[in-house]
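Visitor: One structure follows; several queries about it will come next.
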Amino acid sequence: LRKVHIRGQLRLTGPVGGGIYDWGYASGGFTADSRIDGGVEFGGQQQFCTRNSEIGDGAAYKHGAWSNVLIGSKGAYKSEPGQLAKETIVESTERIAEKPYIIYEECENRYYLMIPRPEVAKRGVSWEKYTSSDIERVDFEDVYVAEEGVSTAATINAKLAEGKHVLLTPGIYKITEPIVIRRSNAVILGLGMATVEQADDAPYMDSLIFVQDGLEGVRIAGLMVQGGQAGSHALIKWGTRKNGSIQNTGFLYDIFCRIGGDRDASKPEVRTNTMVLINSSNVVGDNLWLWRADHEMPRNDGVKDSRNKVFNALEVNGDNVIMYGLFAEHTLHDLTVWNGENGK
199 LRKVHIRGQL RLTGPVGGGI YDWGYASGGF TADSRIDGGV EFGGQQQFCT
249 RNSEIGDGAA YKHGAWSNVL IGSKGAYKSE PGQLAKETIV ESTERIAEKP
299 YIIYEECENR YYLMIPRPEV AKRGVSWEKY TSSDIERVDF EDVYVAEEGV
349 STAATINAKL AEGKHVLLTP GIYKITEPIV IRRSNAVILG LGMATVEQAD
399 DAPYMDSLIF VQDGLEGVRI AGLMVQGGQA GSHALIKWGT RKNGSIQNTG
449 FLYDIFCRIG GDRDASKPEV RTNTMVLINS SNVVGDNLWL WRADHEMPRN
499 DGVKDSRNKV FNALEVNGDN VIMYGLFAEH TLHDLTVWNG ENGK
């Protein structure tokens with residue numbers, strides 16, 4: 199959830215039994231830059247990250263199964279006697295730029311891509327305080343609108359090279375070569391869980407999405423990225439060495455990486471070595487869910503014999519990298535390998 203104002207209470211799961219802790223299964227989630235007047239009932243959410251959000255006077259954040267993290271958010275977490283859930287409170291968000299979004303100006307009959315500028319030591323929401331200097335406003339003449347089955351990786355790369363930002367409309371983009379970002383301040387924004395997937399006939403790739411060295415202000419947002427049969431070194435690879443500007447940081451938002459799960463055991467398995475590999479410094483992640491499938495379609499069968507091979511969910515080699523809301527599951531080796539300095 200991003201940039202929403204809920205004039206009531208937000209209940210993230212409902213009770214399925216008689217007790218207040220009998221909430222059923224919910225894996226977790228993320229909220230940012232939102233106001234919830236009546237407070238938040240996490241219910242059975244196993245882990246939940248709330249960044250730069252606010253609740254009304256007298257309201258509270260409550261319950262949850264195991265872990266609740268509140269970063270730069272206003273309002274108190276209320277513990278109940280005997281509950282297992284624990285809260286972690288971080289008073290301010292050290293460094294963030296909110297996720298790019300789209301607006302439609304009816305009076306102009308035009309769409310615009312809005313790119314918020316970075317903020318530091320942020321508390322609470324910011325959308326009420328934005329001025330024109332806080333957001334870059336990009337006419338859609340400078341945005342390439344990609345379509346499933348029409349827009350190849352080569353097409354997307356060419357449009358990026360022309361200086362355009364890229365909007366991926368809902369669909370599955372089966373690629374046979376990497377999407378490569380070669381210029382600073384480029385935005386790739388997916389809508390409706392747009393999925394970048396290594397095609398079954400694609401060769402082994404170093405990565406499916408690659409950000410070249412020395413770039414500033416790159417934003418990649420709203421994508422599912424899936425491995426393929428031939429495999430890859432990484433699904434997303436950011437740079438090859440330590441560099442990058444702390445004044446004009448690169449950001450990853452709402453990135454969901456998946457190895458397996460969408461095909462049953464009768465089909466060839468998919469693989470990668472690492473889901474997200476960050477070699478550059480000063481990159482910020484904002485809600486990443488990196489999942490090696492432990493169950494598969496169509497019958498929700500469990501995964502056996504190390505199928506869907508992936509060694510690590512996240513590897514960080516750059517310095518000053520920050521992750522807000524990092525969820526990593528089921529990899530065959532360490533979930534996270536963090537070699538860079540001053541990471542958070």
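With my numbering applied, the sequence shown corresponds to residues 199 to 542, in that order. A virtual CB, placed ideally from N, CA and C, is assigned to each residue, including glycine. From a predicted model like this one, the values you see are computed outputs, not experimental measurements.
(1) Closest to threonine 211 by CA distance: which of Lys372, Phe246, Glu467 is it?
(2) Starting from isoleucine 457, trace the alpha helix (DSSP H) both ways and give me its first and last residue.
(3) Can you give me the Cβ contacts of aspartate 404 inside the same chain, cut-off strictly under 6 Å, excluding the 5 residues immediately before and after it?
(4) Within the chosen definition, does the region 359-370 reach the region 385-398 through at least 3 CB pairs nearer than 8 Å?
(5) Going along the chain, which residues of its own chain have a beta-carbon closer than 6 Å to the beta-carbon of tryptophan 436, five neighbours each way excluded?
(6) With DSSP collapsed to three states, give me the class of lysine 502.
(7) What's the gap between the Cα of tyrosine 451 and the Cα of aspartate 460?
(8) Are leucine 413 and serine 382 closer than 8 Å when you measure CB to CB?
(9) Is isoleucine 333 close to the ligand NAP? I mean its beta-carbon at under 7 Å from any heavy atom of the ligand.
(10) Does the pairing of the region 284-296 with the region 307-320 give three or more beta-carbon distances under 8 Å?
(11) Just mark aspartate 255 as buried or exposed, buried being the case when its beta carbon has 16 or more other beta carbons within 10 Å.
(12) According to DSSP, what are the bridge partners of isoleucine 204?
(13) Which same chain residues end up closer than 6 Å to glycine 415 when comparing Cβ atoms and leaving out the 5 residues on each side of it in sequence?
(14) Are the CB atoms of asparagine 518 and asparagine 540 nearer to each other than 8 Å?
(15) Contact defined as beta carbons within less than 8 Å: I believe alanine 351 pairs with threonine 374. What is the distance between those atoms, to the nearest angstrom?
(16) Please classify threonine 286 as buried or exposed, where buried requires at least 16 other C-beta atoms within 10 Å of its C-beta.
Guide: For this structure:
(1) Phe246
(2) Counting along the chain, isoleucine 457 falls outside any alpha helix (DSSP H), though it belongs to the beta strand (DSSP E) covering 448-457.
(3) These residues qualify, in order along the chain: His431.
(4) yes
(5) Val409, Ile476, Ser478, Val481
(6) coil
(7) 23 Å
(8) yes
(9) You won't find the ligand NAP in this model; it holds no ligand whatsoever.
(10) yes
(11) Aspartate 255 comes out exposed.
(12) Ile234
(13) Ser382, Asn383, Asn446
(14) Yes.
(15) 7 Å
(16) Label assigned to threonine 286: exposed.
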